[in-house]
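Remarks on the structure that follows.
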Amino acid sequence: MTEYFIGIVPPEEIYNDIINIQKKYISKLGVEPHITLKAQSNLTDDEQWIEIVTKIIENTNQFEVKIEGTKYFGELVMFLSVISPELKSLHQSIVDELNVPDLLREKCFEGDRYVGHITVGKTTYPSGLSSNTLTWSELKLMEEEINASINTNHFLVDSVWIYKKEKNEYKRYKQILLHDNKEKNNQFKFISMEKDVPEVWIRSLDKKEYSIIKEFLYHAIYVPEGSKKPNKSIVDKKELLKYYEDFGRKDDYTMAAVINNRVIGLAWCRQFNETDKSYGFYKDDFVELNISILPDFRKQGLGKVLMEQLIYLLKNNNVNGISLSVTNGNYAQQLYENIGFKPIAVRDEDTLMIKKL
748 MTEYFIGIVP PEEIYNDIIN IQKKYISKLG VEPHITLKAQ SNLTDDEQWI EIVTKIIENT
808 NQFEVKIEGT KYFGELVMFL SVISPELKSL HQSIVDELNV PDLLREKCFE GDRYVGHITV
868 GKTTYPSGLS SNTLTWSELK LMEEEINASI NTNHFLVDSV WIYKKEKNEY KRYKQILLHD
928 NKEKNNQFKF ISMEKDVPEV WIRSLDKKEY SIIKEFLYHA IYVPEGSKKP NKSIVDKKEL
988 LKYYEDFGRK DDYTMAAVIN NRVIGLAWCR QFNETDKSYG FYKDDFVELN ISILPDFRKQ
1048 GLGKVLMEQL IYLLKNNNVN GISLSVTNGN YAQQLYENIG FKPIAVRDED TLMIKKL
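What follows is the structure in structure tokens.
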């Protein structure tokens, strides 16, 4: 059974303070710093609960939480205590709407015993992360460093994350914006659990940046290992020109990965029709997805994040579904399947895949 939970990521300054201290004591972080908003109970593999949770969160206004300092759950867990009436109310609304049984509410501290907190360190971990187990003295040293580092006593909550467990790590799966933030051109930081990875921001393209789509279309062309890259003029052909020409129409959508104002990865969608079919055309009410990461930044998880955030944007705009064409033999097909795309037609050179929204 796949495991999920719902959490709130603290702002960058607090996040970095916590994670930098954790990395001094913990060899492999199983999850980033967060406030647990909703534990695993009743978060099932069918993911039907996501729509319920999304509606609750999108109808909740942004709110502030107060940091009370470090506290302990017995001698097992040291955490930063956070309090907010709105936090407790949001938690309770989710638990009630998901019909969490009383027994699970008690077991998972989801009733009156719910405590808003950001876990910093533990003296016990599951077997897969047993190397992260800390001694009591290490926990106390971490506490001293945390209390000396955190220089603010409150922060604003403007989004919530759903996390999904993959190979002993909980990873960001879907972001949901609170009401005040939903209509903004939001951006968020992509944070790798690895060291020395540059700061990457995920956001939609500005109109003035649409001209770069042509370059990213070229990098999206699959070139088998050992084969020669095509000439860049290939993207001027009529069948490829349609993917970027006059971009910015009503049904055009983008999501970009950006380092120091340089776009290094891009996912974009455009709607086609029966009289103007594209390689990945499925039907009129579906948009076609393209995704491209510059060569130096591939295999870092950016493609998955870009697609997930683009899918979130499409759902908010009531798009019915997405289609794509993937060249047979392209390793990216596995990524598409992991995100929920289904192959519906295997052709001579490519496979047509779709995802209903």
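For the record, in the sequence shown the residue sitting at position 122 is 869 according to our numbering, with numbers rising by one throughout.
By construction, the Cβ of each residue, glycine as well, lies at the ideal position given by its N, Cα and C atoms.
Just so it is clear, the structure is predicted and the values come from calculations on it, not from any experiment.
Determine the extent of the alpha helix (DSSP H) in which P832 is found, giving its start and end residues. Translated into the one-based positions of the sequence shown, residue 832 becomes position 85. P832 to E844 is the span of the alpha helix (DSSP H), which, as asked, contains P832.
I need the DSSP call for P688, collapsed to helix, strand or coil. Since the first residue of the chain shown is 748 and the last is 1104, residue 688 is not available in this structure.
Check T801 in the structure and name its three-state DSSP category. On the sequence shown, residue 801 is found 54 positions in, with the first residue counted as 1. In the structure shown, T801 sits in a helix (DSSP, three-state: H, G or I).
Quick check on P780: buried or exposed, where buried means 16 or more other Cβ atoms within 10 Å of its Cβ? Taking the sequence shown and counting its residues from 1, one reaches residue 780 at position 33. Classification of P780: buried, given that the 10 Å Cβ count is 16 or more.
Beta-carbon proximity check, S828 vs G816, cutoff 8 Å: Translated into positions along the sequence shown, residue 828 becomes position 81. Translated into positions along the sequence shown, residue 816 becomes position 69. Yes, the Cβ-Cβ distance between S828 and G816 is below 8 Å.
Looking only at its chain, what residues have a beta carbon closer than 7 Å to the beta carbon of I768, apart from the 5 residues adjacent to it on each side? As a position in the sequence shown, residue 768 is number 21, starting the count at 1. Contacts found: M889, E892, I893 and S896.
So the alpha helix (DSSP H) A895 belongs to, where does it begin and stop? What you label residue 895 is simply residue 148 of the sequence shown in a count that begins at 1. Where A895 is concerned, the enclosing alpha helix (DSSP H) stretches over W883 to S896.
Buried or exposed by the 16-neighbour rule on C-beta atoms within 10 Å, applied to W883: Within the sequence shown, the letter at position 136 stands for residue 883. That one is exposed.
Thinking C-alpha only, which one of Q1080, G1027 and E750 is nearest K1051? Locating residue 1051 in the sequence shown gives position 304, where the first residue counts as 1. K1051 has its Cα closest to that of Q1080, out of Q1080, G1027 and E750.
Strand pairing of G754, partner residues [DSSP]: Your numbering for residue 754 matches position 7 in the sequence shown. BP columns for G754 point to T783 and W908.
So I909 and Y751 are supposed to be a Cβ contact under 8 Å. How far apart are they, rounded? Here residue 909 corresponds to residue number 162 of the sequence shown, with the count starting at 1. Here residue 751 corresponds to residue number 4 of the sequence shown, with the count starting at 1. At roughly 6 Å, the Cβ-Cβ gap stays under 8 Å, so I909 and Y751 are in contact.
Cα-Cα separation between T783 and I865, rounded to whole angstroms: What you label residue 783 is simply residue 36 of the sequence shown in a count that begins at 1. What you label residue 865 is simply residue 118 of the sequence shown in a count that begins at 1. If you take the alpha carbons of T783 and I865, they lie about 7 Å apart.
8 Å contact criterion, which V1066 and V1034 should meet: CB distance rounded: Your numbering for residue 1066 matches position 319 in the sequence shown. Your numbering for residue 1034 matches position 287 in the sequence shown. That pair is a contact at about 6 Å.
How would you write the range of the beta strand (DSSP E) that I1069 sits in, first residue to last? On the sequence shown, residue 1069 is found 322 positions in, with the first residue counted as 1. Taken as a continuous stretch (DSSP letters only), the beta strand (DSSP E) holding I1069 covers G1068 to T1074.
Closest residue to V756 among Q787, L1060, W796 and E811 (Cα-Cα distance): To locate residue 756, count along the sequence shown from 1; it is residue 9. Comparing Cα positions, the closest option is E811.
Those residues which DSSP pairs with N1020 across a bridge: If you number the sequence shown from 1, residue 1020 lands on position 273. Under the DSSP definition of a beta bridge, N1020 partners with D1023.
Among I753, F994 and V907, whose alpha-carbon lies nearest the alpha-carbon of W1015? Against the sequence shown, residue 1015 aligns to sequence position 268. W1015 has its Cα closest to that of F994, out of I753, F994 and V907.
Counting only the same chain and skipping the five closest in sequence on each side, list residues whose C-beta sits under 7 Å from that of L1057. What you label residue 1057 is simply residue 310 of the sequence shown in a count that begins at 1. Within the same chain, Cβ atoms closer than 7 Å to the Cβ of L1057 are found at Y1000, M1002, A1014 and C1016, the five residues on either side in sequence being excluded.
Among the residues of its own chain, which have a CB less than 8 Å from the CB of A1092, if the five just before and after it don't count? Numbered from 1 along the sequence shown, position 345 holds the residue referred to as residue 1092. Beyond the five residues adjoining it in sequence on each side, A1092 comes within less than 8 Å, by CB distance, of T1098 and L1099 in the same chain, given in chain order.
Cβ of I799 within 7 Å of any heavy atom in the ligand SAH? Looking at this structure, you won't find the ligand SAH or any other ligand, since it has none at all.
Is it buried or exposed, K1089, if we count other Cβ atoms within 10 angstroms and call 16 or more buried? Within the sequence shown, the letter at position 342 stands for residue 1089. Result: exposed.
How close, in whole Å, do the beta carbons of E946 and I1006 come, if the pair is a contact with beta carbons under 8 Å? Locating residue 946 in the sequence shown gives position 199, counting from the first residue. Locating residue 1006 in the sequence shown gives position 259, counting from the first residue. Separation of the CB atoms of E946 and I1006 is rounded to 7 Å, and the pair is thereby assigned contact status at 8 Å.
Kindly list the residues whose CB is nearer than 7 Å to the CB of Y969, restricted to its own chain and excluding five residues on each side of it in sequence; keep chain order. Locating residue 969 in the sequence shown gives position 222, counting from the first residue. Excluding sequence neighbours, Y969 sits near T1074 and N1077.
Ignore the nearest five residues each way along the sequence and tell me which others in G875's own chain have a CB closer than 7 Å to its CB. Walking along the sequence shown from the start, residue 875 turns up at place 128. Since pLDDT at G875 reaches only 49, below the 50 mark, its modelled position is unreliable, and no value is offered.
Alpha-carbon to alpha-carbon, Y1059 and H926: The sequence position of residue 926 within the sequence shown is 179, counting from 1. The sequence position of residue 1059 within the sequence shown is 312, counting from 1. In a straight line, the C-alpha of H926 is about 15 Å away from that of Y1059.
By how many angstroms is the C-alpha of Y772 removed from the C-alpha of I949? Working through the sequence shown from its first residue, we reach residue 949 at position 202. Working through the sequence shown from its first residue, we reach residue 772 at position 25. Cα to Cα, the separation comes out at about 29 Å.
Taking the CB atoms as reference points, tell me whether K785 and I841 lie closer together than 8 Å. Here residue 785 is taken as the residue at index 38 of the sequence shown, counted from 1. Here residue 841 is taken as the residue at index 94 of the sequence shown, counted from 1. In contact: K785 and I841 (Cβ atoms closer than 8 Å).
So, are the CB atoms of Y1029 and I1101 less than 8 Å apart? Position 282 of the sequence shown, counted from the start, is the residue given in the question as residue 1029. Position 354 of the sequence shown, counted from the start, is the residue given in the question as residue 1101. Taking 8 Å as the Cβ cut-off, Y1029 and I1101 qualify as a contacting pair.
In this structure, does DSSP put G821 in helix, strand or coil? Residue mapping note: residue 821 aligns to position 74 of the sequence shown, counting from 1. Coil at G821, not helix or strand.
Buried or exposed: D1095, going by 16 or more other Cβ atoms within 10 Å of its Cβ? One-based indexing of the sequence shown puts residue 1095 at position 348. Its Cβ having fewer than 16 others within 10 Å, D1095 is exposed.
DSSP puts N1037 in a beta bridge; with which residues? Walking along the sequence shown from the start, residue 1037 turns up at place 290. N1037 is bridged to W1015.
Assigned secondary structure, L876 (DSSP; H/G/I helix, E/B strand, else coil): Looking up residue 876 in the sequence shown gives position 129. Its pLDDT being 49, under 50, L876 is placed unreliably by the model, and the measurement read from it follows with that caveat. L876 falls in the helix class under three-state DSSP.
Three-state secondary structure (DSSP) of L790: Along the sequence shown, one-based indexing puts residue 790 at 43. Coil.
Expected contact under 8 Å - CB spacing of L823 and K869 to nearest Å: The count along the sequence shown starts at 1 and reaches residue 823 at position 76. The count along the sequence shown starts at 1 and reaches residue 869 at position 122. Between K869 and L823 the Cβ distance is about 6 Å, and since that is below 8 Å, they are a contact.
According to DSSP, simplified to helix, strand and coil, what is D1043? For the purposes of this step, residue 1043 is identified with residue 296 of the sequence shown, where counting begins at 1. Looking at D1043 - three-state DSSP - the assignment turns out to be helix.
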